[in-house]
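Contents: one structure, followed by commentary.
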Amino acid sequence: MQIFSKNLFQLITKIHHLNRVHVSSDMTKAFKIIKNNYKNCKIYSFKSGSKVGLWEIPKSWEVVNAYLKDSKNKIILDYKKSPLCLWSYSDSFKGKVTFKELLNHIIYSIKKPKATIFHFRLQYRHWEKQWGFSIPYKKFLKLNKKSSFYINIKTIKKNSELNSLEQTHEGIYKQSILFIGHLDHPFTTNDGLAGCISGHEILKKIEKVKTKMTYRMLSSVEIIGSIFYAKKKIKNKNIINALFLGMPGANSNLTYNMSFYGKSYSDDIFNYLGKNYNFKINKFREGPGNDEIAFDTPGVKIPCGSFTREIFKNYHTDFDTPKNLNKQNFLEYQNILLSFINIVEKNSLVIPTSDGLTCLSHPKLNLYLNAQFSQITDPDKNNFIWNFLPKTKKHDAQLFKKLNALVDYLCAMQYPETTLNISRKLSLPFDLVDYYTELLKGKKIIKKRWYKFFNS
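Under the numbering used here, the first residue of the sequence shown is numbered 2, with each subsequent residue one higher.
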């Protein structure tokens, strides 16, 4: 049973409280914290002013102070107490403005009246000279329209470096699957940070496992970091499929967005997992979308799906905190990612070799599964069928009919098929089909080899 550890919560909390904009000293600190907590990590840096097409790495953005006062010298907003109140990449400004002038420099949400909204646009339009605040709507309503307001914003922009971090788990094959998350979005947890940590935790869980595939986890800056990684660092990494990870601990439903052409290996596997875990499958960028657009694109051509939870109540607000991260949802998300890797590693081509119908019930084989109950025993696992069934399913007549259908299917199939495809067709657990076909292979009733879904 997985447990959401105290150390993991402390790690997320520590990074949450950093000013993780596109380029900043806190962003560099966040990457170093991750590097110190996970093995086989490498940090890549791209200098301010570097370009890929019209995309350009911005300067760093550091906040000295920022506050808004009314005419009675009462502090309305203070960056040090509510850091999301200041627009990311806001310019410095000092002076008095009228209420009417202030309206051009504040945002709020009527639908989320108590929340401070994360304003991110200037990070992608860093050439624009603007300053501004985000204010809870309830606080906005209390502003005196006849008052003047005093603003003091001091920020520093200077040449620096944008960072990305790549963790690698080496497999037998150099061909790799890339997981992606964006670490930016200051002072928020589920949107960005939790997706990154989820990916690094997955590679940590398999670090002692000898895998066939190589797996990579990229923590980067949303869109622009992935664009520079894809252009400058992806050469010779043999990435053949990518998967964006997002919002794992949010209080919302799971969803998977297909890659652009909908024909990737992750599309195939998540179509199966979606039915088993009851989550929605969308077309490319039909649901919440992020860095997949930087990979599944001309010139890069890496099919990239997106496995996320749907937009949640506290999205892009100061209520998206470690305290509001749903630990059970996070662990469920982890389990599905591990199931994905399990299928990648075990999915095999089943090749029929028998000449006619095999008598599976014969004492020499004892591999027949009837529709009522399995008498199959195994030296290591008594009644192995039970080990793959939830307690609630152990007297499910329909399920045992499916087991009987599995026997019929494997006895009748005349052409090679994958264990994933058989599992999907019969709506059976993948591990059960994998194990049963291993038993058939051991009796030389079939041949079986790992499904290498790429050309090497």
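The beta carbon of each residue, even a glycine, is placed where N, CA and C say it ideally should be.
> Helix, strand or coil: how does DSSP classify Gln-168 here?
Replying inline: Strand.
>> Ignoring anything shorter than 3 residues, give me the beta strand (DSSP E) runs that lie fully in the stretch 164-247, in order along the chain.
In response: Taken in chain order, the complete beta strand (DSSP E) segments of 3 residues or longer contained in the stretch 164-247 are 177-183, 215-221, 240-247.
> Exposed or buried, which one is Ile-111 when buried takes at least 16 other CB atoms within 10 Å?
Replying inline: Label assigned to Ile-111: exposed.
>> Bridge partners for Leu-87 per DSSP, in chain order?
In response: DSSP lists Phe-134 as the bridge partner or partners of Leu-87.
>> Quick check on the burial criterion: 16 or more other C-beta atoms within 10 angstroms. Buried or exposed for Phe-455?
In response: Exposed, because fewer than 16 other Cβ atoms sit within 10 Å of the Cβ of Phe-455.
> Is DSSP giving Leu-55 helix, strand or coil here?
Replying inline: Leu-55 falls in the coil class under three-state DSSP.
> Looking only at C-alpha atoms, which of Thr-438, Asn-315, Gln-399 sits nearest to Thr-190?
Replying inline: Cα-wise, what sits closest to Thr-190 is Asn-315.
> Who pairs with Tyr-45 in a beta bridge, going by DSSP?
Replying inline: For Tyr-45, which the question treats as bridged, DSSP gives the partners Ser-165.
>> So, does the stretch 132-139 touch the stretch 29-39, judging by three or more C-beta pairs under 8 Å?
In response: No: fewer than three Cβ pairs fall under 8 Å.
> Which residue or residues does DSSP assign as beta-bridge partners of Leu-350?
Replying inline: BP columns for Leu-350 point to Thr-419, Arg-450.
> Which residue from Leu-427, Phe-431, Tyr-416, Leu-421 puts its Cα closest to that of Asn-447?
Replying inline: Checking the displayed sequence, the identity of residue 447 turns out to be Ile instead of Asn. When each option's Cα is compared against that of Ile-447, the closest is Tyr-416.
>> Buried or exposed, going by whether 16 or more other CB atoms sit within 10 Å of the CB of Leu-404?
In response: So Leu-404 ends up on the buried side.
> Should Phe-374 be labelled buried (16 or more other beta-carbon atoms within 10 Å of its own) or exposed?
Replying inline: Because the pLDDT at Phe-374 is just 49, under 50, the model does not fix this residue reliably, and the value given afterwards should be weighed accordingly. Within a 10 Å sphere around the beta-carbon of Phe-374 sit fewer than 16 other beta-carbons, which makes this residue exposed.
> Using DSSP with H/G/I as helix, E/B as strand and the rest coil, what is Lys-95?
Replying inline: When secondary structure is reduced to three states using DSSP, Lys-95 falls in the strand class.
> On the three-pair Cβ rule with 8 Å, is the stretch 151-163 touching the stretch 64-73?
Replying inline: These segments touch.
>> So the candidates are Phe-5, Val-98, Ile-337; which of them puts its Cα closest to the Cα of Phe-150?
In response: Considering only alpha carbons, the answer is Val-98.
>> To the nearest angstrom, how far is the alpha carbon of Ser-51 from that of Phe-121?
In response: Each residue's alpha carbon lies about 21 Å from the other.
>> Excluding the 5 residues flanking Phe-280 on each side, which residues of the same chain have their C-beta closer than 7 Å to its C-beta?
In response: Its chain contains Asn-254, Leu-255, Thr-256, Tyr-257 as the residues whose beta carbon lies nearer than 7 Å to that of Phe-280, once the 5 sequence neighbours on both sides are disregarded; these appear in chain order.
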